[in-house]
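Protein chains in written order, with the numbering used here: chain A, 205 to 362; chain B, 205 to 362.
Number of protein chains: 2
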Amino acid sequence: MSSPQEDCARDLLEVVPLVTRSIRTELRQHRTQELSVPQFRTLLFLRHKPGTSLIDIANHLGLTPPSTSKMVDGLVSRDLLTRHICENDRRRIAIKLTEKGDKSLDFAIEATIQSLTKRISTFSPERIETLSCALQILREAFPETEISICNKPLQKSF
Amino acid sequence: MSSPQEDCARDLLEVVPLVTRSIRTELRQHRTQELSVPQFRTLLFLRHKPGTSLIDIANHLGLTPPSTSKMVDGLVSRDLLTRHICENDRRRIAIKLTEKGDKSLDFAIEATIQSLTKRISTFSPERIETLSCALQILREAFPETEISICNKPLQKSF
DNA sequence: TATTGTTATACTCTATAACTATA
DNA sequence: TATAGTTATAGAGTATAACAATA
């Protein structure tokens, strides 16, 4: 026997991977600015929490510190992030977006949003409204992060 | 300036990765039966198209044939799939779920659905209804595959 | 000659374990 | 002794290129 909740969960399991694939493809497509999903999420997180430590990023992404360290390495060498020792606790590093990182993030966000917008552009206002409501509901059900891509930096420096 | 479509796309980009993470974690959690998302999708595809060739699976997943071959290798060695040469075209292989593969797939589907159901179990019937509608809309917008996890095999053999 | 699948090789992303520096 | 971060190493998952078998 299945409940409406279960039917809905089944639909989630079917539909969500399709949307994810589309997002991943779009993010990875932009040649020099190419980002993986975790790289993208890191830049986004740093826009909202500039100066964050490695551990905080690792926790946010659900990755181990070594994996996160390596990923940050790559982003630093691409000049998208900077890493500086915190003076009040010299074990920690303060990680920030560079200007280039900030631009790459904007670029990735805009390109991906345009691509997603195209997918839903033919739908009626009512259907768009239904979608929007549903996404707010899902946001409540999966509250692991509260980061928004709408708003620019909360604080520009730490 | 942003349109309702664009706002909705922005929400998609924020919310969908959260749900994906939850699905991936659940699929990967079941010790001996652990599956990656592409492995899961392969088993699901084979339930609906038993006897499918390697190329067809590769196209379905959006992977290259070598990557797909290697993944199928792994699933065969775990006794979840069988591989046989097609007699009418000896270049092709017919890939099928084993009984164990079939059970693993059921197990993965059920565990994941239960986990997702739990996430949305506290919502009102109206909100569940909104979610369900939205998922049908998304299904139209991202129609890359028509595979359903609700229905058991269309044909049990090829 | 074209198609199906595999092998060889390499790169990215992830992990665990062991390490350094600092608190 | 505990914490933040890195290095070393290994495994999964992906790709491209080159190959074998078949059509």
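Think of the CB as a built atom: it goes at the ideal place given N, C-alpha and C, for glycine as much as any other residue.
Closer than 9 Å to chain B by CB, A/D310:
For A/D310, no CB of chain B lies under 9 Å from its own CB, so it is not counted at the interface with that chain.
Are the Cβ atoms of A/L265 and A/R245 separated by less than 9 Å?
Closer than 9 Å, so yes.
What is the DSSP secondary structure of A/L231, reduced to helix, strand or coil?
A/L231: helix per DSSP, three-state reduction.
Would you decide whether A/I299 is buried or exposed? Buried here means 16 or more other CB atoms lie within 10 Å of its CB.
It counts as buried.
By the 10 Å Cβ neighbour count, where 16 or more other Cβ atoms means buried, how is B/R251 classified, buried or exposed?
Looking at its Cβ environment, which holds 16 or more other Cβ atoms inside 10 Å, B/R251 is buried.
State yes or no: is the C-beta of B/T286 within less than 9 Å of the C-beta of A/P221?
No; because the gap between Cβ atoms is not below 9 Å, this pair is not in contact.
Out of A/T321, A/P242, A/R232, A/D277, point me to the one whose CA is closest to B/S206's CA.
For B/S206, the closest alpha carbon among the candidates A/T321, A/P242, A/R232, A/D277 is that of A/T321.
Would you tell me roughly how many angstroms separate the C-alpha atoms of A/R323 and B/F346, rounded to the nearest one?
Each residue's Cα considered, the two are about 7 Å apart.
I'd like to know whether the C-beta of A/T334 is nearer than 9 Å to at least one C-beta of chain B.
Yes, its Cβ sits closer than 9 Å to a Cβ of chain B.
Helix, strand or coil at B/T224 [DSSP, three-state]:
Here B/T224 sits in helix by DSSP.
B/E238 classed as buried or exposed, judged by whether at least 16 other C-beta atoms fall within 10 angstroms
When all chains shown are included, B/E238 counts as exposed.
Let's see if you can read the secondary structure: which residues bound the alpha helix (DSSP H) around A/K322?
Element bounds for A/K322: 303-324.
Just to confirm before moving on: does the CB-CB distance between A/P254 and A/L301 stay below 9 Å?
It is a contact, given that the beta carbons lie within the stated cut-off.
Pull up the DSSP beta-bridge partners for A/L285, would you.
Note: A/L285 sits in a beta bridge opposite A/L301.
Short of 8 Å Cβ to Cβ, which residues in the stretch 259-280 of chain A face chain B?
Per Cβ criterion, the list reads G266.
Just checking: is the beta-carbon of B/E210 within a distance shorter than 9 Å of some beta-carbon in chain A?
B/E210 counts as touching chain A.
Please report how far the alpha carbon of A/Q318 lies from the alpha carbon of B/E303, in whole angstroms.
The straight-line gap from Cα to Cα measures roughly 44 Å.
Run down chain A in chain order and give the residues with a C-beta less than 8 Å from the C-beta of B/T224.
By Cβ distance, chain A contributes V220, P221, T224.
Whole angstroms are fine: how far does the CA of A/R295 sit from the CA of B/I313?
Rounded to whole angstroms, the gap between the alpha carbons of B/I313 and A/R295 is 44 Å.
I need the DSSP call for A/T256, collapsed to helix, strand or coil.
Of the three classes helix, strand and coil, the one that applies to A/T256 here is strand, per DSSP.
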